[in-house]
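Under UniProt numbering, the residue at position 380 of the sequence shown is numbered 380, and the numbers go up by one with no gaps. Here the structure is laid out as structure tokens; the discussion comes afterwards.
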Amino acid sequence: MVREGTEFLSKGVRQNRNAPRLVWYTGWFYGNKMGMSDEKTQFRKLFSEDEVLHESLMQQGIAVDSPEARGPYFKPDNWLVGRLWLMHGYDIVDSGVKIRRQTPLNFFETGPKWRIKHAESIEEEGVLDDRAQNAWQLASEGWRRFGERSVPTTSPFTIKLGQLDELVRLKALRIEEFKKTVGDAASGVNEHADFMELAKRADPKVRLQAIELAGEIADLEQRRNKTDGYRKQINYPYWDTLSLAEQEERTVTARRLIYEAEKANEAAELDKAIDLYEQAFAIWAEIFDDYPILTIDDSAEDLMQSVRRYSIAIDSEELPEDFPLNAFVEMMAGGREVSSEVYEDIRVTQKEKAEQRKKELEAEERERERKAAEEMKAAEEKEKAAKETKESEAESKAEEDESQQPTEEMKEEEAAAEEEPTEEEPAEDKPAEEEPAEEEPAEVEEVPATEEVDAEAEPESADESSSS
């Protein structure tokens, strides 16, 4: 039946090409009927695999093969395809065709919101990594662009939902200018004063200028009231904050930990489940501190159910005193809905906290960039130093080789000399190593006795002559 419904709507669009409301309804059907029904899991899967329907959509100008239409598994996603239908309707209106039987606010909010619904859906299906983070970043960007769109109102002017702060700022400037112009007559007045009445009683010299300023103040106040009212109709600040918070890595991590804890709990792995629950709750406490408006999120009740399952897992109805989500549990106690008073308190404080968190994220990003630059510089210097050291060592080795070259040649000459055969050394050089040679008998010539006497006497005579 759903498939037949899409074909019926497509046929109607072909026959009524200048009917933006029919185009809008087709986009709404693809998103809401397939993504919010009880059978949404089956419908989303069947749609992503219906190649015949995809081909039909391509023929109608809906680019289901583009990144704008594909989900995390690179298949067409019903929420994103529905958004393409809605964007087609916006193009028709921007070309000059009027919106009939539908408020412009409702007409223009659906497309950006379908990106948010896509991000929520893939997280519910277990996609809890950088793909989910990227989906939320695109959703946040789409919602911001929606806030910059001029939206027709029941008054004779258009508004931009994202310019409420600018209107407040401009009104404050005009009030200060009015006070300076009128002088003492406007002392002590506040933003709720009747400026036109004060301008009429002003000095004739500045009365005309004061009346013009009073008219500007009244116009700005009317625009501010209309903008604030339209923002509340669609809960604009909530969706803006949600898409901002959900794109943070810690939020994706917290949802992943809860998802894994629930799986472990179902598998009766209680120790693992308790550990994962506690990690997730600590992160959620930080997120709620920075984005208190998320405590009234649709998923807040799901988180409360996880807290109850955690309580069962630890076998205690009372949570520890240092439990990080005690304030959240107290607010959600008994399953009661958050009151409008609590919501208003959260909404008032959310703006400051969101702005502060945004500045912190920007500071963190600058710090990461600074560290990355320092690390890159240090790596370059290290590489340069290593190169210089290597070159220096090479030069030193070359010089050492040159200085040792003669010594090597001398060693080679000495080695060569040692290898050459040498003459036998005389025995007297190595008396200890030689064995005593056998004495051969020699013939001894007998000397006459007289010759012996003369030989003995010769030294004596030499001594005598020496002494004389």
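Glycine residues also receive a C-beta, built at the ideal position from the N, C-alpha and C atoms.
Out of curiosity, what's the CA-to-CA distance linking residue i and residue j?
i	j	result
GLU39	ASN78	13 angstroms
ILE62	LEU86	10 angstroms
SER56	ARG14	12 angstroms
THR422	ALA398	Residue placement at THR422 is poorly supported in this model, since its pLDDT is 49, which falls under 50; the coordinates are not used for a value here.
GLU120	LYS353	23 angstroms
LEU213	GLU355	31 angstroms
SER150	GLU278	45 angstroms
ASP194	THR227	21 angstroms
GLY12	LEU22	8 angstroms
GLU330	ILE122	30 angstroms
ALA373	ASN134	25 angstroms
GLU7	GLY31	15 angstroms
SER95	PRO104	15 angstroms
GLU191	SER140	33 angstroms
ALA186	GLU166	24 angstroms
SER306	THR295	14 angstroms
PRO320	VAL52	56 angstroms
GLY188	LEU161	31 angstroms
Is residue i near the ligand FMN, judged by its Cβ being under 7 angstroms from some heavy atom?
i	result
GLN15	The ligand FMN is not part of this structure, which contains no ligands at all.
Suppose contacts are defined by Cβ-Cβ distances below 8 angstroms. Is residue i in contact with residue j by that definition?
i	j	result
PRO20	PHE47	no
LEU325	ALA285	yes
ARG223	ILE159	yes
VAL97	ASN16	no
ALA245	ILE287	yes
PHE29	SER37	no
ASP290	ARG357	yes
THR251	ILE293	no
PRO67	VAL127	no
ARG174	LEU208	no
Relative to the C-alpha of residue i, which candidate in the options has its C-alpha closest?
i	options	result
ALA172	ALA218, ALA199, ASP129 and ALA379	ALA218
residue 471	PHE8, ARG201, TYR90 and VAL189	Here the chain has residues from 1 to 468 only, and residue 471 is not among them.
TYR230	VAL189, GLU391, GLU109 and GLU374	GLU109
GLY142	TRP239, ASN225 and GLU51	TRP239
LYS33	VAL23, GLU49 and ARG3	ARG3
MET58	GLU321, GLU148 and LEU84	LEU84
ASP184	ALA386, LEU138, ARG357 and LEU198	LEU198
TYR236	LEU164, VAL329, GLU360 and ILE99	LEU164
GLY35	HIS88, GLU124, TRP24 and SER66	GLU124
residue 470	GLN60, LEU128 and SER37	There is no way to answer for residue 470, as the model of the chain reaches only from 1 to 468.
ALA333	ASP129, GLY162, ALA300 and GLU383	ALA300
THR181	LEU161, ILE211 and LEU167	ILE211
ASP203	ASN225, GLU216 and LYS179	LYS179
TYR310	ILE234, SER396 and PHE281	PHE281
What are the residues that DSSP puts in a beta bridge with residue i?
i	result
VAL151	ILE159
PRO76	ARG70
Task: At least 3 beta-carbon pairs within less than 8 angstroms: the stretch 245 to 260 vs the stretch 80 to 92 - done: No contact exists between the stretch 245 to 260 and the stretch 80 to 92.
Task: Cβ pair count under 8 angstroms reaching 3, the stretch 149 to 164 against the stretch 114 to 123 - done: The answer is no - the stretch 114 to 123 does not touch the stretch 149 to 164, with fewer than three Cβ pairs under 8 angstroms.
Open item on the list: Would the stretch 262 to 270 count as touching the stretch 309 to 316 if we require 3 or more Cβ pairs under 8 angstroms?
Closed with: Segments in contact, yes.
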